[in-house]
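Engineer:
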């Protein structure tokens, strides 16, 4: 059947990211590589009680068509914490935010169409759009202010001058950017919002970390600024647990029916059982306490990572100082001439320490490839605070050795 | 954002089937319309215990990457009951069999490619392939022997003569056909298998009802005959419960990695929690007893439906005598001049009895449209046996009235 595979799939491989995650998740490895939330934070007891309740009391939980209208109201309430005014009719439940990306891409991207996105971004958008062989329009990112709205403006204005069509879609992660750990600054957010509305470019806003802020709430997302141009995605993976496979989209109401068709053709519907279990967990005050706890734990780990980076890598690199989420991004100084893939190999072999090389997050042939090659994503979500100093010291040791060699 | 939707989606609507299911599932209606399994058969207690166990004992249940290797072995064992020899490496878990269809279509169907399928078929294949605007090659079906292999042979041979490419894929439901309730005869199965292999056409074999046989096991499916040309799909929806949203594909091992990529870009992975819960339910002897119970209950309902049809509709129609599954298909005699949509309207209004008009299962412009228009799908899965006589008598009453009017 090999020869019968669709063209786009024939030479396709598992995403580099997922391959690497496998490579670096061997036992005994001190890993800053995973994109996993801390399992100790999963509300296991609450979920156990909620699943038991749904199975004991609600006969629709296991049947087709078991949509929980209550859950949609609760999602509207969750979104309001991000400053989004939505209605239950605008909610489309998804099998995690990844399915939200897939649905949004299928809904917006024509075969051979154009995608506007960060030069380093979540690989899920790369993977999901790839079958449509799109033209990729990359915009620069920086570690302090996030996605560069001014560069995007030049790009879009230039295209317009050349009478070329606007991109089919833009993809942005407003906060806790994966892999960059940055939040788009208020000024840039506003510039992006105006730009996208002016050029009539629909935005996929991927916001799984929106409620995982540390010192203060993140600025309002795009869905609160240009709702009619935004397909907003989030999920319960980072605030409850990924094993639930439950996320949601907020879409303009006029499109909800048709986007529901795309969902339906993908997997019919989300588990009614899981919908009910999550809805039960969201009742009452549990979520507030839980979110505070999650934020506290991750903030402490972020602090431990940043202290270790300050201590050991200041001469060699720059990195993001995340105000939420699970990641920091580190760029080795260009003049060191060190690439992160060989650095990873040495770190794994000699230090049993892992991270993800930045190149995993850029597209083949990206203009940012040189930068991505000397970068790494550092996850701070799953290590105890006391482990960061040793892990970062180990990476620094290898950097120093490689730097000496280069001189 | 309306104008930004991808072309295929702009004028798209919810499938007629799903619209109708909504229409006919009002309270108080005696419904032969739904495609739902009987909720009394869901193993609610076993699932409650299994979810509780997974949450109490297995920390990976709620994390990413929580694949249950044990479940893959159990799926291999399930498949062996259908005469399929598979290996765990050939299993791809899916969010229900609908996602299996979606993954298979994405893997095989090029934009504007060709799909070979029954002239009346499960709407999920229509809906999932539609975005690729395929050419549809319809093959006839009959109510006794199922999909017509000889007609397919002529079609494929003719295309070959004309030096046109073989179809990108074929889609067949070997047993308990939805909507037809028929099983493909042994002779036709063998002819189809040889034909597809000879023309090198990959087959999506959709087999959700494969273990829901009544008097005797169904004949071996295509996966047991031409495994290298078959992407086999099934799910736990009909044998445990649809609210689990868990199904599986069996694919040639050489393709498993790439088909895994398609799954991953769709929704990353299936819930580790649900995988564990289902795996627990499958341990021990429970499933055997459960399947026997399910078969017994549905067989009794099938009998009650067929008796009622024999009694009330013999002069007016022909129908399938299903050897498993959940559906029968009834075709009103052409000379009556009665279409099933107006018949449904009258049945709903005057009798509070519902069924699904056959036209919901044919493609727009289908060569079988005339036949589909005077047909209906009758589900026997959710009504108590004593209700069929009244429901069918009510439909017969309306048929008689319309027939008199036509004379």
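Protein chains in written order, with the numbering used here: chain Z, 1384 to 1790; chain G, 1384 to 1790.
All C-beta atoms in this analysis are idealised placements derived from N, C-alpha and C, irrespective of residue type, glycine included.
Only a predicted model underlies this, so the values are computations on that prediction, with no experimental measurement involved.
1. From residue 1729 (chain G) to residue 1565 (chain G), what does the alpha carbon distance come to, in whole angstroms?
2. Write down the C-beta distance between residue 1740 (chain Z) and residue 1727 (chain Z) rounded to the nearest angstrom, noting that I regard them as a contact closer than 8 Å.
3. What residues of chain G sit near residue 1419 (chain Z), judged by a beta carbon separation below 8 Å?
4. How big is the Cα-Cα spacing for residue 1463 (chain G) and residue 1500 (chain G)?
5. Contact between the region 1690-1699 of chain G and the region 1479-1493 of chain G is defined here as three or more beta-carbon pairs at a separation below 8 Å; is this criterion met?
6. Looking only at its own chain, which residues have a Cβ that is under 6 Å from the Cβ of residue 1505 (chain G), when we skip the five neighbours before and after it?
7. Going by alpha carbons, who is nearest to residue 1627 (chain Z) out of Z:1385, Z:1515, Z:1679 and Z:1426?
8. Given this structure, state the Cα-to-Cα distance separating residue 1662 (chain Z) from residue 1680 (chain Z), to the nearest angstrom.
9. Which runs of the alpha helix (DSSP H), 4 residues or longer, sit entirely within the region 1636-1698 of chain Z?
10. If you draw a straight line from the C-alpha of residue 1584 (chain G) to the C-alpha of residue 1519 (chain G), how long is it?
11. What residues from the region 1608-1624 of chain G come within 9 Å of chain Z, judged by C-beta to C-beta, listed N to C?
12. With C-beta atoms as the reference, is residue 1757 (chain Z) less than 8 Å away from residue 1722 (chain Z)?
13. Starting from residue 1350 (chain Z), trace the alpha helix (DSSP H) both ways and give me its first and last residue.
14. Run the CB neighbour count on residue 1717 (chain G), radius 10 Å, all protein chains shown included, and call it buried at 16 or more, exposed below.
15. Hey, how far is the Cα of residue 1632 (chain Z) from the Cα of residue 1555 (chain Z)?
16. Between which two residues does the beta strand (DSSP E) harbouring residue 1474 (chain Z) extend?
17. Comparing the C-beta of residue 1792 (chain G) with each C-beta of chain Z, is any distance below 8 Å?
18. Excluding the 5 residues flanking residue 1441 (chain Z) on each side, which residues of the same chain have their C-beta closer than 7 Å to its C-beta?
19. I'd like the list of long-range same chain contacts for residue 1493 (chain Z), defined as Cβ closer than 8 Å, with 5 residues on each side in sequence excluded.
20. Does the beta carbon of residue 1521 (chain G) come closer than 8 Å to any beta carbon on chain Z?
21. Check whether the region 1577-1594 of chain Z and the region 1607-1618 of chain Z touch, using three or more Cβ-Cβ pairs below 8 Å as the test.
22. Hey, does residue 1729 (chain Z) have any beta-carbon neighbour from chain G nearer than 8 Å?
23. Is it the case that the region 1595-1613 of chain Z contacts the region 1448-1460 of chain Z, given that we only count it when at least three CB pairs across the two stretches are under 8 Å?
24. Counting only the same chain and skipping the five closest in sequence on each side, list residues whose C-beta sits under 7 Å from that of residue 1621 (chain G).
25. So which of Z:1395, Z:1384 and Z:1385 has the shortest CA-CA distance to residue 1645 (chain G)?
26. With a threshold of 7 Å on Cβ separation, who are the neighbours of residue 1491 (chain Z) within its own chain once the five nearest residues in sequence on each side are excluded?
27. Please check if any C-beta of chain Z sits within less than 8 Å of the C-beta of residue 1395 (chain G).
28. According to the Cβ coordinates, are residue 1699 (chain Z) and residue 1674 (chain Z) closer than 8 Å?
29. At which residue ranges does the region 1427-1512 of chain G contain complete alpha helix (DSSP H) runs of 4 or more residues, listed in the order of the chain?
30. Give every residue of the same chain whose Cβ lies closer than 7 Å to the Cβ of residue 1503 (chain Z), excluding the five residues on either side of it in the sequence, and list them in chain order.
31. Is it right to say residue 1455 (chain Z) is buried, meaning 16 or more other beta carbons lie within 10 angstroms of its own, or is it exposed?
32. Should residue 1657 (chain G) go down as buried or exposed, given a rule of 16 or more other Cβ atoms within 10 Å for buried?
33. For residue 1731 (chain Z) and residue 1737 (chain Z), what's the separation of their Cα atoms in angstroms?
34. Can you tell me the Cα-Cα spacing of residue 1439 (chain Z) and residue 1431 (chain G), whole angstroms?
35. Output, in sequence order along the chain, the residues in the region 1644-1655 of chain Z whose CB is closer than 9 Å to any CB in chain G.
36. Buried or exposed for residue 1544 (chain Z), going by 16 or more other Cβ atoms inside 10 Å?
Structural biologist: For this structure:
1. Within the second chain, numbered from 1, the residue matching residue 1729 (chain G) stands at position 346. Within the second chain, numbered from 1, the residue matching residue 1565 (chain G) stands at position 182. Computed Cα separation, rounded: 28 Å.
2. Position 357 of the first chain, counting from 1, holds the residue named residue 1740 (chain Z). Position 344 of the first chain, counting from 1, holds the residue named residue 1727 (chain Z). About 6 Å separates the two Cβ atoms, so the contact holds.
3. Here residue 1419 (chain Z) refers to the residue found at position 36 when the first chain is read from its first residue. Ordered by position in chain G, the residues that pass the 8 Å Cβ test against residue 1419 (chain Z) are 1446, 1447 and 1448.
4. In the second chain, counting from the first residue as 1, residue 1463 (chain G) sits at position 80. In the second chain, counting from the first residue as 1, residue 1500 (chain G) sits at position 117. C-alpha separation (whole angstroms): 26 Å.
5. With a cut-off of 8 Å on Cβ pairs, the region 1690-1699 of chain G is not in contact with the region 1479-1493 of chain G, counting fewer than three such pairs.
6. On the second chain, position 122 is the one that residue 1505 (chain G) refers to. Listed in chain order, the non-local C-beta contacts of residue 1505 (chain G) below 6 Å within the same chain comprise 1561, local neighbours out to five positions each way being set aside.
7. As a first step, residue 1627 (chain Z) is located in the first chain; it is residue number 244 there, counting from the start. Relative to the Cα of residue 1627 (chain Z), the nearest Cα in the group Z:1385, Z:1515, Z:1679 and Z:1426 belongs to Z:1426.
8. By 1-based counting over the first chain, the position of residue 1662 (chain Z) is 279. By 1-based counting over the first chain, the position of residue 1680 (chain Z) is 297. Looking at the backbone, the Cα of residue 1662 (chain Z) and that of residue 1680 (chain Z) are separated by about 24 Å.
9. As far as the region 1636-1698 of chain Z is concerned, its whole alpha helix (DSSP H) runs of at least 4 residues are 1636-1650, 1655-1665 and 1669-1696.
10. Position 201 of the second chain, counted from the start, is the residue given in the question as residue 1584 (chain G). Position 136 of the second chain, counted from the start, is the residue given in the question as residue 1519 (chain G). Distance from the CA of residue 1584 (chain G) to the CA of residue 1519 (chain G), rounded to the nearest whole angstrom, comes to 14 Å.
11. Result list: 1611, 1612, 1613, 1614, 1620, 1623 and 1624.
12. Position 374 of the first chain holds residue 1757 (chain Z). Position 339 of the first chain holds residue 1722 (chain Z). Contact annotation: residue 1757 (chain Z) and residue 1722 (chain Z) have beta-carbon atoms nearer than 8 Å.
13. An answer regarding residue 1350 (chain Z) cannot be provided, because it is not within the stretch 1384 to 1790 covered by chain Z.
14. Counting from 1 along the second chain, the entry for residue 1717 (chain G) is found at position 334. Burial call: exposed.
15. Taking the first chain and counting its residues from 1, one reaches residue 1632 (chain Z) at position 249. Taking the first chain and counting its residues from 1, one reaches residue 1555 (chain Z) at position 172. Rounded to whole angstroms, residue 1632 (chain Z) to residue 1555 (chain Z) spans 14 Å at the Cα level.
16. To locate residue 1474 (chain Z), count along the first chain from 1; it is residue 91. Unbroken beta strand (DSSP E) run through residue 1474 (chain Z): 1474-1477.
17. In the structure displayed, chain G extends from 1384 to 1790; residue 1792 (chain G) sits before or after that span and is not available.
18. Residue numbering aside, residue 1441 (chain Z) sits at position 58 when the first chain is read from its first letter. Once the five neighbours on either side are set aside, the close Cβ partners of residue 1441 (chain Z) are 1659.
19. The residue labelled residue 1493 (chain Z) in the question sits at position 110 within the first chain. Excluding positions up to five away in sequence, the list reads 1515 and 1551.
20. Position 138 of the second chain, counted from the start, is the residue given in the question as residue 1521 (chain G). No, its Cβ sits nowhere closer than 8 Å to a Cβ of chain Z.
21. As far as the Cβ criterion goes, the region 1577-1594 of chain Z touches the region 1607-1618 of chain Z, which means the pair count is three or higher.
22. As a working mapping, residue 1729 (chain Z) is identified with position 346 in the first chain. Output row for residue 1729 (chain Z): interface = no.
23. Cβ pair count under 8 Å is below three, so no.
24. Looking up residue 1621 (chain G) in the second chain gives position 238. Counting only Cβ-Cβ distances below 7 Å, and skipping sequence neighbours, we find 1420, 1591, 1592 and 1595.
25. By one-based count along the second chain, residue 1645 (chain G) stands at place 262. Residue 1645 (chain G) has its Cα closest to that of Z:1395, out of Z:1395, Z:1384 and Z:1385.
26. Along the first chain, one-based indexing puts residue 1491 (chain Z) at 108. Taking residue 1491 (chain Z) as the centre and dropping the five residues before and after it, the same chain places the C-beta of 1551, 1552 and 1585 closer than 7 Å to its C-beta, in chain order.
27. Residue numbering aside, residue 1395 (chain G) sits at position 12 when the second chain is read from its first letter. Closer than 8 Å to some Cβ of chain Z, the Cβ of residue 1395 (chain G) qualifies, so yes.
28. Taking the first residue of the first chain as 1, we reach residue 1699 (chain Z) at position 316. Taking the first residue of the first chain as 1, we reach residue 1674 (chain Z) at position 291. Cβ distance not < 8 Å, so residue 1699 (chain Z) and residue 1674 (chain Z) don't count as in contact.
29. The region 1427-1512 of chain G contains, as complete alpha helix (DSSP H) runs of 4+ residues, the segments 1427-1440, 1452-1463, 1479-1491 and 1506-1512 (chain order).
30. Translated into positions along the first chain, residue 1503 (chain Z) becomes position 120. Cβ contact annotation for residue 1503 (chain Z) (same chain, cutoff 7 Å, sequence separation greater than five): 1524, 1562, 1563, 1741, 1744, 1745, 1751 and 1755, in chain order.
31. In the first chain, counting from the first residue as 1, residue 1455 (chain Z) sits at position 72. That one is buried.
32. For the purposes of this step, residue 1657 (chain G) is taken as residue 274 along the second chain, with counting starting at 1. The C-beta of residue 1657 (chain G) has 16 or more other C-beta atoms within 10 Å across all chains shown, which makes the residue buried.
33. The residue you call residue 1731 (chain Z) lines up with position 348 of the first chain. The residue you call residue 1737 (chain Z) lines up with position 354 of the first chain. The C-alpha of residue 1731 (chain Z) lies about 6 Å from the C-alpha of residue 1737 (chain Z).
34. For the purposes of this step, residue 1439 (chain Z) is taken as the residue at position 56 of the first chain. For the purposes of this step, residue 1431 (chain G) is taken as the residue at position 48 of the second chain. In this structure, the straight-line span from the alpha carbon of residue 1439 (chain Z) to that of residue 1431 (chain G) is close to 8 Å.
35. Of all residues in the region 1644-1655 of chain Z, 1644, 1645, 1647, 1648, 1649, 1650, 1651, 1652, 1653, 1654 and 1655 have a Cβ within less than 9 Å of some Cβ in chain G.
36. Position 161 of the first chain holds residue 1544 (chain Z). The residue is exposed, with fewer than 16 neighbouring Cβ atoms inside 10 Å.
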